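Heads up, the thing below is written out as structure tokens.
In the working numbering, the protein residues as written are 157 to 447.
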């Protein structure tokens, strides 16, 4: 029951409280309670707000001590969660009382359909889901509905994806310069053969020399006669005796026929004698120069 008094005054914090609410339907409502022992409350000085910037209800009337009053709010309270506040009419930052439910607060769970949430004990206790709605009445006649507590599931910590290691760009190795093969210096081959010593001509014995001289001097002298100029006779008057090529050839043939192979030996002997004489004279001269 609501009593209106003209001499109602502003209450101190804790006297005017939200006592019960219904939010999961099309006809939402909020119940207020005067907790003071003697003072009535002028509701014109207050208003109801939710978490949005537009939903509000301007209150009216006067609430005497230990009495209730409820205000319908259509379908403006969120089913999953919301915040309901009593604030000063001229200052939204002056919050007299508030309750947060569901996903917008921790005071109580969001009520299901046909359920309300209220204070137990009435006016001063903590909020709970009530088994029976007691709009505009005492909440003490209702029991608390204990909702099953969900066992929290451990959310696995995501494994941090390792940062891929950047593959280094291969550095192209420089093509090695081909080392030229050194040309082997030819080794001079030392001749092992000793130089052949020229034989020293040996002097021919005196008997051999005499033999060679006799044979050389005894060789026939071949002479060819040519016209001789006569003093006082002209060259035109001289009579030349022609010598035929045949005669010359026959003479050369006769001379060659007269030379026997044995005559070649004296020629060789003369050569050796000459060499021996030259060697003897040379040695003699060297000996005289030394003395």
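Backbone N, C-alpha and C define an ideal beta-carbon position, used for all residues, glycine too. The structure displayed is predicted, hence computed values, not measured ones.
Roughly how many whole angstroms lie between the Cα atoms of residue i and residue j?
{"i": "residue 171", "j": "residue 281", "result": "13 Å"}
{"i": "residue 218", "j": "residue 197", "result": "5 Å"}
{"i": "residue 205", "j": "residue 314", "result": "40 Å"}
{"i": "residue 221", "j": "residue 193", "result": "6 Å"}
{"i": "residue 425", "j": "residue 431", "result": "10 Å"}
{"i": "residue 236", "j": "residue 279", "result": "24 Å"}
{"i": "residue 428", "j": "residue 435", "result": "10 Å"}
{"i": "residue 189", "j": "residue 223", "result": "6 Å"}
{"i": "residue 264", "j": "residue 230", "result": "21 Å"}
{"i": "residue 438", "j": "residue 337", "result": "60 Å"}
{"i": "residue 239", "j": "residue 293", "result": "22 Å"}
{"i": "residue 301", "j": "residue 177", "result": "15 Å"}
{"i": "residue 287", "j": "residue 318", "result": "53 Å"}
{"i": "residue 225", "j": "residue 195", "result": "16 Å"}
{"i": "residue 149", "j": "residue 269", "result": "Coverage of the chain is limited to positions 157 through 447, which leaves residue 149 absent and any answer about it impossible."}
{"i": "residue 254", "j": "residue 312", "result": "36 Å"}
{"i": "residue 247", "j": "residue 201", "result": "10 Å"}
{"i": "residue 421", "j": "residue 440", "result": "28 Å"}
{"i": "residue 298", "j": "residue 289", "result": "8 Å"}
{"i": "residue 256", "j": "residue 323", "result": "55 Å"}
{"i": "residue 295", "j": "residue 191", "result": "14 Å"}
{"i": "residue 249", "j": "residue 277", "result": "28 Å"}
{"i": "residue 320", "j": "residue 258", "result": "44 Å"}
{"i": "residue 372", "j": "residue 446", "result": "At residue 372 the pLDDT is 46, less than 50, meaning the model places this residue with poor confidence; the figure from the coordinates comes in the next sentence. The straight-line gap from Cα to Cα measures roughly 37 Å."}
{"i": "residue 316", "j": "residue 262", "result": "33 Å"}
{"i": "residue 433", "j": "residue 341", "result": "52 Å"}
Indicate, with yes or no, if the ligand FMN has a heavy atom lying under 6 Å from the CB of residue i.
{"i": "residue 274", "result": "Here there are no bound small molecules, and the ligand FMN is not part of this structure."}
With 16 as the cutoff for other CB atoms within 10 Å, does residue i come out buried or exposed?
{"i": "residue 444", "result": "exposed"}
{"i": "residue 187", "result": "buried"}
{"i": "residue 272", "result": "buried"}
{"i": "residue 339", "result": "exposed"}
{"i": "residue 334", "result": "exposed"}
{"i": "residue 452", "result": "As displayed, the chain neither begins before 157 nor continues past 447, which places residue 452 out of reach and without an answer."}
{"i": "residue 175", "result": "buried"}
{"i": "residue 228", "result": "exposed"}
{"i": "residue 275", "result": "buried"}
{"i": "residue 267", "result": "buried"}
{"i": "residue 173", "result": "buried"}
For the alpha helix (DSSP H) that residue i lies in, which residues bound it at each end?
{"i": "residue 442", "result": "420 to 446"}
State the start and end residues of the unbroken beta strand (DSSP E) segment that holds residue i.
{"i": "residue 259", "result": "Run containing residue 259: none; DSSP gives neither H nor E here."}
{"i": "residue 212", "result": "212 to 214"}
{"i": "residue 238", "result": "237 to 244"}
{"i": "residue 274", "result": "272 to 276"}
{"i": "residue 173", "result": "172 to 178"}
{"i": "residue 282", "result": "282 to 286"}
Going along the chain, which residues of its own chain have a beta-carbon closer than 8 Å to the beta-carbon of residue i, five neighbours each way excluded?
{"i": "residue 442", "result": "none"}
{"i": "residue 251", "result": "241, 242, 243"}
{"i": "residue 291", "result": "176, 178, 185, 187, 226, 272"}
Quick one: what's got a C-beta closer than 6 Å to residue i's C-beta in the same chain, skipping five residues either side?
{"i": "residue 331", "result": "none"}
{"i": "residue 233", "result": "179, 184"}
{"i": "residue 284", "result": "276, 300"}
Please list, in chain order, all residues of the same chain as residue i whose beta carbon is under 7 Å from its beta carbon, the five residues on each side excluded.
{"i": "residue 203", "result": "212, 213, 214, 215, 243, 245"}
{"i": "residue 326", "result": "none"}
{"i": "residue 207", "result": "238, 239, 260"}
{"i": "residue 199", "result": "215, 216, 217, 218, 219"}
Continuous beta strand (DSSP E) assignments of at least 3 residues falling wholly in the segment 180 to 231: 184 to 190, 202 to 205, 212 to 214, 224 to 230
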